[in-house]
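Accompanying notes for the structure given below.
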Amino acid sequence: MTDLSLSDHAVAGKTAPPAEARSLRLPTQWLGVAPFFLFAIMFLILPTLYLMLGAFQNDAGEFTLENIAALAQPSIVSAYWISIKVSLASSLIGAFAGLAIAIAIVRGGLPDWIRSATLTFSGVASNFAGVPLAFAFIATLGRLGLATVILNTLFGLNIYAHGFNILSFWGLTLTYVYFQIPLMVVIIVPAIDGLKKEWGEAAATLGATMAQYWRMVVIPVIWPSFLGTVILLFANAFGAIATAYALTGSSLNIVPILLYAQIRGDVLHNAHLGYAIAFGMIVITGLANVFYIWFRTRSERWLK
Amino acid sequence: MKSGKFWAWVVFALGAAYFFIPLIATVEFSLRMRRGAYSFDAYQIVLGDPRFQATFGYSVVAAIATIILGVLIVVPAAYWIRLRLPQLRPVVEFITLLPLVIPAIVIVFGYIRMYGSNSPLPFLASDMGTNALLVIGYAMLALPYMYRAVDTGLRTIDVRTLTEAAQILGAGWGTIIGRVILPNVLIAVLSGAFLTFAIVIGEFTMASLLNRPAFGPYLQNVGANRAYEPAALAIIAFAITWGCMSLIQILSRFAPRSANRPN
Numbered sequence: 235m236t237d238l239s240l241s242d243h244a245v246a247g248k249t250a251p252p253a254e255a256r257s258l259r260l261p262t263q264w265l266g267v268a269p270f271f272l273f274a275i276m277f278l279i280l281p282t283l284y285l286m287l288g289a290f291q292n293d294a295g296e297f298t299l300e301n302i303a304a305l306a307q308p309s310i311v312s313a314y315w316i317s318i319k320v321s322l323a324s325s326l327i328g329a330f331a332g333l334a335i336a337i338a339i340v341r342g343g344l345p346d347w348i349r350s351a352t353l354t355f356s357g358v359a360s361n362f363a364g365v366p367l368a369f370a371f372i373a374t375l376g377r378l379g380l381a382t383v384i385l386n387t388l389f390g391l392n393i394y395a396h397g398f399n400i401l402s403f404w405g406l407t408l409t410y411v412y413f414q415i416p417l418m419v420v421i422i423v424p425a426i427d428g429l430k431k432e433w434g435e436a437a438a439t440l441g442a443t444m445a446q447y448w449r450m451v452v453i454p455v456i457w458p459s460f461l462g463t464v465i466l467l468f469a470n471a472f473g474a475i476a477t478a479y480a481l482t483g484s485s486l487n488i489v490p491i492l493l494y495a496q497i498r499g500d501v502l503h504n505a506h507l508g509y510a511i512a513f514g515m516i517v518i519t520g521l522a523n524v525f526y527i528w529f530r531t532r533s534e535r536w537l538k
Numbered sequence: 229m230k231s232g233k234f235w236a237w238v239v240f241a242l243g244a245a246y247f248f249i250p251l252i253a254t255v256e257f258s259l260r261m262r263r264g265a266y267s268f269d270a271y272q273i274v275l276g277d278p279r280f281q282a283t284f285g286y287s288v289v290a291a292i293a294t295i296i297l298g299v300l301i302v303v304p305a306a307y308w309i310r311l312r313l314p315q316l317r318p319v320v321e322f323i324t325l326l327p328l329v330i331p332a333i334v335i336v337f338g339y340i341r342m343y344g345s346n347s348p349l350p351f352l353a354s355d356m357g358t359n360a361l362l363v364i365g366y367a368m369l370a371l372p373y374m375y376r377a378v379d380t381g382l383r384t385i386d387v388r389t390l391t392e393a394a395q396i397l398g399a400g401w402g403t404i405i406g407r408v409i410l411p412n413v414l415i416a417v418l419s420g421a422f423l424t425f426a427i428v429i430g431e432f433t434m435a436s437l438l439n440r441p442a443f444g445p446y447l448q449n450v451g452a453n454r455a456y457e458p459a460a461l462a463i464i465a466f467a468i469t470w471g472c473m474s475l476i477q478i479l480s481r482f483a484p485r486s487a488n489r490p491n
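Top to bottom, those sequences are chains Y and H.
With the working numbering, letter number 184 in the first sequence gets 418, and the count goes up by one each step, no holes.
With the working numbering, letter number 82 in the second sequence gets 310, and the count goes up by one each step, no holes.
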């Protein structure tokens, strides 16, 4: 998080001088943006800083690294580990499946209505998360779910007897993929649209095969936006709680659920440990987003 | 190229199966309440539940308040930055990205600790204060989407010329923003508003941790205690999301396409 606050100061420092010089002439200059900054500072920056400082304080308000060190206890480490695994698996599966669908609808020669229908549906499905999504997957892959029952009666395949459980790592991952794929499609389709037809023609003129065109032109151009989106999907899954909570209650110990239980009832018996968990979450999503911004600026060069 | 088209169909069919099977399963499950026959019993029970009506009403009011707060904060800021303070654009864009970086649960945790009843600003001491804090938190969640929608809308109009024309005709700042700029970006603002609505209506984390009687915690509660009603609720929630997104699509057809100024 130091990275983020540093860059904030850096940007603010850079832009301050011209505004200061002008403020003599026009003291009302800042009034237009004052509500926005007041709002952001009071309800976004300060509460976050408060938690981050709290992570480095003990009950007496003295500086300490004990809370951060206490994160190393097995139950918390395993919570972070499961969260990272679920986020990584769902973002990678979502990213590759989303890319395949995006390429199919943009370049696959499918009818036009499929492209627009898919994009519309993706807009809806990427926002269909939270508690209702969990209900839908329980109705599908729960013990009495339609897919479970059909697989069992038609093919004699009892997925629960084979170790599948909707309240497990794979159950949660499969559910998260439902909003990860559409998010990937929505973000990556413009990047694929940005591949100019002339590049394919130029490659063909120079004698490139289809495989060479993909390996040397398409993949290098799409790569940064693809990787950037994977990271965005990761952060998206990492902070999500409602779906997991409605799906598994507290039986799957992921970080947001642990923090939720800590806020509700101080289950860890140490208020400052809660701050440390929140701090750890910000560090992980913050790092992910630093990479995202970096990849995005690299990919924007090609999308003009 | 023929095999390419074949694989495109395969990928599309697999994707469609993954996305439609849960929807079909949920619809089917929601109709199974009466033994041996399909019926709309689950929907009747859900829609007739006074707690459904109360929590849904609460969330609709919260969503409308969120949209108003978001518009009041974002429109003047985005307008002013385009007109007078373009050097602040990177800072503001960075801030509007932050709610995507900081998970909602962390933001609301910060609120609970900072604005408790013993703090200088005791939002949580009263019901109204807690409601206000929830709306503020929602506006924060929606900020990235609202800002981008409004900023995209402003890009398609010539902010400077419109402002100068209004000033020559003697308009004050309130008139310029309320009667010149806002009508011109109304479609963009409405797109942001419907997206905000879709995000806020079933939100669980903030409402639950602030103990508000909102729709999200109600959904979770029904899910933990009932069998068929959750499926009916999921279908209702999907329909609401679908409605919001369709309205955005319809609105985007009315949006001005050409940018008068390239910036």
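For each residue, glycine too, the CB sits at the ideal point set by N, CA and C.
This one's a predicted model, so the numbers in the text were calculated from it and none came from an experiment.
Anticipated Cβ contact below 8 Å, residue i with residue j, distance rounded
i	j	result
Y:Leu305	Y:Gly520	In fact, because the Cβ distance is near 16 Å, the residues do not count as touching under 8 Å.
Y:Ile426	Y:Arg341	7 Å
H:Ile333	H:Leu352	That belief does not hold up - the Cβ atoms of H:Ile333 and H:Leu352 are roughly 17 Å apart, past 8 Å.
Y:Pro416	Y:Ser356	4 Å
H:Ala291	H:Thr424	7 Å
H:Leu438	H:Leu361	6 Å
H:Leu390	H:Val417	With a Cβ gap of about 16 Å, H:Leu390 and H:Val417 do not count as contacting.
H:Pro327	Y:Leu272	At roughly 16 Å, the Cβ-Cβ gap does not stay under 8 Å, so H:Pro327 and Y:Leu272 are not in contact.
Y:Ile475	Y:Tyr494	6 Å
H:Ile309	Y:Val267	6 Å
H:Gly381	H:Ile415	7 Å
Whether residue i touches residue j by CB criterion (8 Å)
i	j	result
Y:Thr407	Y:Ala368	no
Y:Thr477	Y:Leu401	no
Y:Ala510	Y:Asn301	yes
H:Val329	H:Ala305	no
H:Ala459	H:Phe257	yes
Y:Ser317	Y:Phe525	no
Y:Met418	Y:Gly332	yes
H:Thr283	H:Tyr446	yes
H:Tyr373	H:Gly402	no
Y:Ile488	Y:Ala313	yes
H:Gln448	Y:Tyr479	yes
Y:Leu391	H:Ala253	no
H:Tyr286	H:Pro441	yes
H:Ala394	H:Ile385	no
Y:Phe389	H:Thr469	no
Y:Gly508	Y:Ile516	no
H:Val212	H:Leu479	Residue 212 of chain H is absent from the structure shown; chain H starts at 229 and stops at 491.
H:Val428	H:Thr294	yes
H:Gly451	H:Gly430	no
Y:Gly288	Y:Gln414	no
Y:Phe460	Y:Ser325	no
Y:Leu280	H:Met342	yes
Y:Gly397	Y:Leu375	no
Y:Trp433	Y:Val420	no
H:Leu410	H:Val303	yes
H:Val363	H:Leu297	yes
Y:Pro366	H:Ala462	yes
Proximity test, residue i beta-carbon vs the ligand SAH heavy atom, cut-off 7 Å
i	result
H:Asn449	This structure does not include the ligand SAH; it has no bound ligands of any sort.
Buried or exposed (CB count within 10 angstroms, at least 16 for buried), residue i
i	result
Y:Asn470	buried
H:Tyr266	exposed
H:Ser354	exposed
Y:His506	buried
H:Phe240	buried
H:Trp367	Position check: residue 367 of chain H holds Ala in this sequence, whereas Trp was assumed. When all chains shown are included, H:Ala367 counts as buried.
H:Phe482	exposed
H:Gly338	buried
Y:Ala255	The predicted model places Y:Ala255 with a pLDDT of 47, which falls under 50 and marks its position as unreliable; any figure quoted below should be read in that light. Exposed, by the Cβ-count rule.
H:Phe247	buried
H:Lys233	exposed
H:Trp235	exposed
H:Met473	buried
Y:Phe371	buried
Y:Thr443	exposed
Y:Leu285	buried
Residue(s) in a DSSP beta bridge with residue i
i	result
Y:Gln291	Y:Phe297
*Output the residue ranges of the beta strand (DSSP E) runs that lie fully inside the stretch 382-462 of chain Y and measure 3 residues or longer, sorted by chain position.*
Taken in chain order, the complete beta strand (DSSP E) segments of 3 or more residues contained in the stretch 382-462 of chain Y number zero; there are none.
_Contiguous alpha helix (DSSP H) assignments of at least 4 residues, all confined to the stretch 395-453 of chain H_ = Restricting attention to alpha helix (DSSP H) runs no shorter than 4 residues, the stretch 395-453 of chain H encloses them at 414-429, 433-437 and 443-453, ordered along the chain.
*asked:* Restricting to runs no shorter than 4 residues, where is the alpha helix (DSSP H) found entirely within the stretch 242-293 of chain H?
replied: Whole alpha helix (DSSP H) segments, 4+ residues: 269-276.
*Enumerated in chain order, which unbroken segments of the alpha helix (DSSP H) with a length of 4 residues or greater are wholly contained in the stretch 459-501 of chain Y?*
Fully enclosed alpha helix (DSSP H) runs of 4 or longer: 476-482 and 489-499.
*Kindly provide the ranges of any beta strand (DSSP E) runs that are 3 or more residues long and lie completely inside the stretch 281-367 of chain Y, ordered along the chain.*
Within the stretch 281-367 of chain Y, complete beta strand (DSSP E) segments of at least 3 residues are not found at all.
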